[in-house]
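As you go down the protein sequences, you meet chains A and B in turn. Residue 405 in my numbering sits at position 405 of the first sequence, with consecutive numbering throughout. Offset between the second sequence (1-based) and my numbering: plus 1000. From the three backbone atoms N, C-alpha and C, an ideal C-beta is built for every residue, glycine too.
There are 2 protein chains.
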Amino acid sequence: MKTIILKGNICHTPECGRLETYPNSYLVCENGICKGVFHDLPKKYEGFPICDYGENLIIPGMVDLHIHAPQFAFRGTGMDQELLEWLKMRTYPEEMKYADPAYARRAYCLFAEQMKKSATTRAAIFGTIHKDATLILMDLMEETGLVSFVGKTNMDREAPPELMEKSAGSAAVDTLEFLNAVQKRNYRNTKPILTPRFIPCCSDELLAELSKIQKEFDLPVQSHLSENPDEVSLVKKLVPEAAFYGEGYDRYGLFGRPASTIMAHCVYSSDAEINRMLENGVWIAHCANSNMNLSSGIAPIRKYIEFGMRVGLGSDVAGGQTESIFRAITDTIQVSKLYWRYLDDKAKPLSFPESFYLATKGGGSFWGKVGSFEEGYAFDAIVIDDSLIPCPHDIGVADRLERAVYLGMDITGIRAKFVNGKPIDMEDLKRNQ
Amino acid sequence: MKTIILKGNICHTPECGRLETYPNSYLVCENGICKGVFHDLPKKYEGFPICDYGENLIIPGMVDLHIHAPQFAFRGTGMDQELLEWLKMRTYPEEMKYADPAYARRAYCLFAEQMKKSATTRAAIFGTIHKDATLILMDLMEETGLVSFVGKTNMDREAPPELMEKSAGSAAVDTLEFLNAVQKRNYRNTKPILTPRFIPCCSDELLAELSKIQKEFDLPVQSHLSENPDEVSLVKKLVPEAAFYGEGYDRYGLFGRPASTIMAHCVYSSDAEINRMLENGVWIAHCANSNMNLSSGIAPIRKYIEFGMRVGLGSDVAGGQTESIFRAITDTIQVSKLYWRYLDDKAKPLSFPESFYLATKGGGSFWGKVGSFEEGYAFDAIVIDDSLIPCPHDIGVADRLERAVYLGMDITGIRAKFVNGKPIDMEDLKRNQ
Chain A
1 MKTIILKGNI
11 CHTPECGRLE
21 TYPNSYLVCE
31 NGICKGVFHD
41 LPKKYEGFPI
51 CDYGENLIIP
61 GMVDLHIHAP
71 QFAFRGTGMD
81 QELLEWLKMR
91 TYPEEMKYAD
101 PAYARRAYCL
111 FAEQMKKSAT
121 TRAAIFGTIH
131 KDATLILMDL
141 MEETGLVSFV
151 GKTNMDREAP
161 PELMEKSAGS
171 AAVDTLEFLN
181 AVQKRNYRNT
191 KPILTPRFIP
201 CCSDELLAEL
211 SKIQKEFDLP
221 VQSHLSENPD
231 EVSLVKKLVP
241 EAAFYGEGYD
251 RYGLFGRPAS
261 TIMAHCVYSS
271 DAEINRMLEN
281 GVWIAHCANS
291 NMNLSSGIAP
301 IRKYIEFGMR
311 VGLGSDVAGG
321 QTESIFRAIT
331 DTIQVSKLYW
341 RYLDDKAKPL
351 SFPESFYLAT
361 KGGGSFWGKV
371 GSFEEGYAFD
381 AIVIDDSLIP
391 CPHDIGVADR
401 LERAVYLGMD
411 ITGIRAKFVN
421 GKPIDMEDLK
431 RNQ
Chain B
1001 MKTIILKGNI
1011 CHTPECGRLE
1021 TYPNSYLVCE
1031 NGICKGVFHD
1041 LPKKYEGFPI
1051 CDYGENLIIP
1061 GMVDLHIHAP
1071 QFAFRGTGMD
1081 QELLEWLKMR
1091 TYPEEMKYAD
1101 PAYARRAYCL
1111 FAEQMKKSAT
1121 TRAAIFGTIH
1131 KDATLILMDL
1141 MEETGLVSFV
1151 GKTNMDREAP
1161 PELMEKSAGS
1171 AAVDTLEFLN
1181 AVQKRNYRNT
1191 KPILTPRFIP
1201 CCSDELLAEL
1211 SKIQKEFDLP
1221 VQSHLSENPD
1231 EVSLVKKLVP
1241 EAAFYGEGYD
1251 RYGLFGRPAS
1261 TIMAHCVYSS
1271 DAEINRMLEN
1281 GVWIAHCANS
1291 NMNLSSGIAP
1301 IRKYIEFGMR
1311 VGLGSDVAGG
1321 QTESIFRAIT
1331 DTIQVSKLYW
1341 RYLDDKAKPL
1351 SFPESFYLAT
1361 KGGGSFWGKV
1371 GSFEEGYAFD
1381 AIVIDDSLIP
1391 CPHDIGVADR
1401 LERAVYLGMD
1411 ITGIRAKFVN
1421 GKPIDMEDLK
1431 RNQ
């Protein structure tokens, strides 16, 4: 039995909106699982070595429910375009390059290294349609020590020929080959996830094939939903018989039931769509930064929380410019304030403890007991050194946490990172800088 | 005559929306003034030493038209509150501390150091009501080498007693003492600016006194305008005879005419107010980040640009969480997209070159010929090393600039900074880190 004890200023949100802070306390892990937070170390743990992080903040690892690995290469550029134009002009030309495994390795190395450096401990990741490239991505993610779901994307229409699978049948063959190759690799932390890109790019035949594969392998699913008005109109034209966008997936069991499913965005979900998501237990990946950059809008997250829906945060690189989930936390709060001001004055802005919860336990629940330091939760933690932020007065732990997140201390202040109780070698990263 | 020649990838926006990029070119400065950008160095400059920044980006320094120095101490905290509550709970209690010059020195040292490190070369800065503290702030800003206007704030109502001047008369006496002390100091780069906090905190008597002082010293003015609906209502109650908020200042010549004036926010300016700003040539300090954090709203910047108004960007620390004007550039673009989506589909979102212009030449115009590398402009420049952003493919200079700004490379990537042709000692800052 392996026991790890961290000491520092410990913070987590066991409930949405309730931030608990434990100054100078102990966080205990046994065999990768949290045993709780203690102000005084219980007798049974005396004698174990203690990692004393002094005044540092210790918080749950961040969970990124939606990120595109191949788009990392052009993040922060081409931001003056809207979704469909941006896909055509920026995204698809880049994604084509991943047909070349050498390019894929070069680009995915940079992505994986950044993910390792970041505050993120778990992520749901889109690849491209290319199975070789996506296997390289999975190899590299496995090496980081992070936990992830990685999907080979499926697309068979409304895209450049180089990015379309030849037929639904060949897409199925490719996907099965990909899944078989993954099984042989026996990854510990890296799992496959079915990834129909979005309804505009997926024919009914393709979705029917994926449905069969989903049942055979009992796979989770990730995709996009009701992100942008033009996209929603396009879906209505392509699938006129569906009562709402999400029904396009739901008809094939790719919408929460039977497959555990993450749907990114949900900015323009109709009441019927919301009800179906709620019934089926779909996870919503809220990507506030991307929804601003691509002029999409603001998702009604307050409503989703009040309805008891499953909500986590996504960076959506490269619709979002950065993989930082700290940034996603503050963007979520900021756009919720504009939503309240302009769209619905009953939708109270999200508070910091609420948004922090979404970034940890909210998204973490896709993996089960993840995103909190309660007993029985997976031991994913990051240690933040905020001592470089000068301050002329005393400041409490809750304020320090809020400040560290607002000032983006995940870029310069991560001192240590643990996933399932295993330390990630951050020094290794510093040496390579 | 002092000649400086920088070599690198040079970018600026001589017109709003027109980004010019000069790969591997020369930027020439004589006696603090730009002589232009040259692809091939003119014969007359041959033989002068060249600072070769290789592949680095060289851009005009950032201009911050609105920042509160005393609020820097609590930036990134207390962000779950709206303007008037936040002033009462967070801002005023902090500002009271500046009655103590020792505290002021400690806090303002941290502020000035951060401003020196930042991409900002010029700023319009609020202090507190305390003249001693504000002189300390000016001493410290002068030491940074940056160019700034710094204001002793005036307030005589609607604030805690500790933060109110006893009467309009005593406020005038204090302000005159402050101005006389400033004159004796013979600062090179640091100038005083009249700073009535905002109409809610300034009686007519106080504004009348400031009007006299403005004329006597020919001072510029900075204040707040139409930031938040509750604040606008409060002003209507306090000054029922004014046709619009800004008339409260205009009646005393503190609204662009005769005083050069910066008004921060202008989110809820009426048509009459906008017309008066246009007639009087008021500068608008657009503070997108603060306007989100304090749930204020989104200023109609596209409209202001189309009307030919004077617009620059402000960080508004600590309503804004960071002094980064790179962040202000991207926030400006992002909220303009939401404005277009939800409030006015004729108000085209701001492009990157437009927002970059606001952050440089737009705000810079408050100082005259500032914010561009055209001939005759003040030589304010920063050099950005973006080589730490890994990229698997070739990327052009314009994309690199956009990426550096979106990824916040002003935090880790500033290699050099020049103000009026004088280099700021950045190494000195690194040594102290």
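Between the options, which has its C-alpha nearest residue i's C-alpha?
i, options, result
"A/Thr121", "A/Tyr103, A/Gly127, A/Glu143", "A/Glu143"
"A/Ser351", "A/Asp156, A/Arg310, A/Ile301, A/Met164", "A/Ile301"
"B/Trp1283", "B/Leu1294, B/Ala1172, B/Glu1113, B/Leu1313", "B/Leu1313"
"B/Val1419", "B/Thr1021, B/Ser1025, B/Cys1029, B/Ile1010", "B/Cys1029"
"A/Thr116", "A/Gly368, A/Ala102, A/Gly61", "Correcting the residue type first, residue 116 of chain A is Lys in the shown sequence and not Thr. Per the Cα distances, A/Gly61."
"B/Ser1295", "B/Gly1308, B/Trp1086, B/Arg1197, B/Lys1166", "B/Trp1086"
"B/Asp1052", "B/Lys1007, B/Asp1394, B/His1012, B/Val1405", "B/Lys1007"
"B/Glu1323", "B/Ser1260, B/Cys1287, B/Ala1171", "B/Cys1287"
"A/Leu225", "A/Ile411, A/Met164, A/Leu83", "A/Leu83"
"A/Phe48", "A/Gly54, A/Ile5, A/Leu19, A/Cys16", "A/Ile5"
"B/Ser966", "B/Leu1407, B/Ile1382, B/Ile1389, B/Lys1088", "Residue 966 of chain B cannot be examined here, being either before or after the span of chain B that is shown, 1001 to 1433."
"B/Arg1157", "B/Gly1421, B/Met1277, B/Pro1200, B/Asn1275", "B/Pro1200"
Since residue i contacts residue j with CB under 8 Å, what's their CB separation in whole angstroms?
i, j, result
"B/Thr1091", "B/Tyr1045", "Their Cβ separation, rounded to whole angstroms, is 50 Å, which puts B/Thr1091 and B/Tyr1045 out of contact at 8 Å."
"A/Ile50", "A/Ile384", "A/Ile50 to A/Ile384, Cβ: 18 Å. No contact."
"B/Val1063", "B/Gly1363", "3 Å"
"B/Val1397", "B/Asn1009", "5 Å"
"B/Arg1403", "A/Gly319", "At roughly 15 Å, the Cβ-Cβ gap does not stay under 8 Å, so B/Arg1403 and A/Gly319 are not in contact."
"A/Val405", "A/Thr330", "6 Å"
"A/Thr190", "A/Met138", "5 Å"
"B/Val1242", "A/Pro392", "A small correction: the amino acid at residue 1242 of chain B is Ala; Val does not occupy that position in the sequence shown. So it is not a contact: roughly 38 Å between Cβ atoms."
Which residue marks the beginning of the alpha helix (DSSP H) containing residue i, and which one marks its end?
i, result
"B/Gly1169", "1168-1185"
"B/Cys1034", "Not the alpha helix (DSSP H): B/Cys1034 falls in the beta strand (DSSP E), residues 1033-1038."
"B/Lys1116", "1101-1117"
"B/Phe1326", "1325-1342"
"B/Phe1217", "1204-1217"
"A/Lys369", "Element bounds for A/Lys369: n/a, residue is neither H nor E."
"A/Ile301", "301-306"
"B/Glu1402", "1397-1406"
"A/Asp345", "Unbroken run through A/Asp345: none, as it is neither H nor E."
"B/Lys1236", "1229-1238"
Just reading off the beta strand (DSSP E) that residue i is part of, what are its end residues?
i, result
"B/Tyr1022", "1018-1030"
"B/Thr1120", "1120-1126"
"B/Gly1248", "Here B/Gly1248 belongs to no beta strand (DSSP E); instead the alpha helix (DSSP H) covers 1247-1250."
"B/Phe1356", "First-last for B/Phe1356: 1352-1357, but that is the alpha helix (DSSP H), not the beta strand (DSSP E)."
"B/Pro1014", "1003-1015"
"B/Val1419", "1414-1419"
"A/Ala285", "283-286"
Bridge partners for residue i per DSSP, in chain order?
i, result
"A/Gln222", "A/Ile262"
"A/Ile59", "A/Ile382"
"B/Glu941", "A question about residue 941 of chain B goes unanswered here, because the residues of chain B that appear run from 1001 up to 1433."
"A/Pro196", "A/Asn154"
"A/Val317", "A/Gly320"
"B/Arg1090", "None; B/Arg1090 has no bridge partner."
"A/His66", "In DSSP, A/His66 forms no bridge with anything."
"A/Ile50", "A/Ile5"
"A/Val147", "A/Arg122"
"A/Lys191", "A/Phe149"
"A/Pro423", "A/Phe418"
"B/Pro1267", "What sits at residue 1267 of chain B in the sequence shown is Val, not Pro. According to DSSP, which records beta bridges pairwise, B/Val1267 is partnered with nothing at all."
"A/Arg310", "A/Trp283"
Practice task
Take every Cβ of the segment 173-190 of chain A, pair it with every Cβ of the segment 223-231 of chain A, and state whether three or more of those distances are shorter than 8 Å.
Solution key: no
Practice task
Tell me, please, whether the segment 183-195 of chain A touches the segment 213-221 of chain A by the rule of three or more beta-carbon pairs shorter than 8 Å.
Solution key: yes
Problem - the segment 66-73 of chain A in contact with the segment 121-130 of chain A per 3-pair CB rule at 8 Å - result: Yes: the two stretches touch, three or more of their Cβ pairs being nearer than 8 Å.
Problem - Three CB pairs or more closer than 8 Å across the segment 373-388 of chain A and the segment 21-39 of chain A - result: As far as the Cβ criterion goes, the segment 373-388 of chain A touches the segment 21-39 of chain A, which means the pair count is three or higher.
Problem - Contact the segment 233-246 of chain A vs the segment 255-270 of chain A: 3+ CB pairs below 8 Å - result: Segments in contact, yes.
Problem - Sufficient close CB pairs (3 or more, under 8 Å) joining the segment 332-349 of chain A to the segment 93-102 of chain A - result: Counting C-beta pairs with one atom in each stretch, the segment 332-349 of chain A and the segment 93-102 of chain A have fewer than three that are closer than 8 Å, which means they do not touch.
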